[in-house]
Amino acid sequence: MLPCASGIPSSRWIPRPDLEGSCTNSLTSRSNAALVHALENSNDENQYIRDIFLWNSLDEDGCDEIDRDQYGMLVMTEKEGCWENVHPDLL
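The numbering used here puts the sequence shown at residues 1 to 91.
As structure tokens, then:
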């Protein structure tokens, strides 16, 4: 599922410490902030893969509609570095 799809999408992410210096994306600041918040506050403790949920049905917790079809993005978190959105079936 797309990370910013409507409703309550789930998405899978992998850490990318090798991309710390180039961990950028073209998301709006609101969408980026929502994904950073979800990654940093996830209760998923797997160090190799992280599954997150966004509450896109709530204006204050979701992505901008312009980013609805985006995927494969990199997101830099303050606490844990760079994360890459990957296919939900990646193990």
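A virtual CB, placed ideally from N, CA and C, is assigned to each residue, including glycine.
- With a cutoff of 7 Å on beta-carbon distance, I8 and F53 are scored as near each other.
- C-alpha of T24 to C-alpha of L74: approximately 6 Å in a straight line.
- The residue from R12, G21, S6 with its alpha-carbon nearest to that of G81 is G21.
- When E40, E65, R68 are compared, the shortest CA-CA separation from E78 is found for E40.
- The stretch 27-66 contains, as complete beta strand (DSSP E) runs of 3+ residues, the segments 50-53 (chain order).
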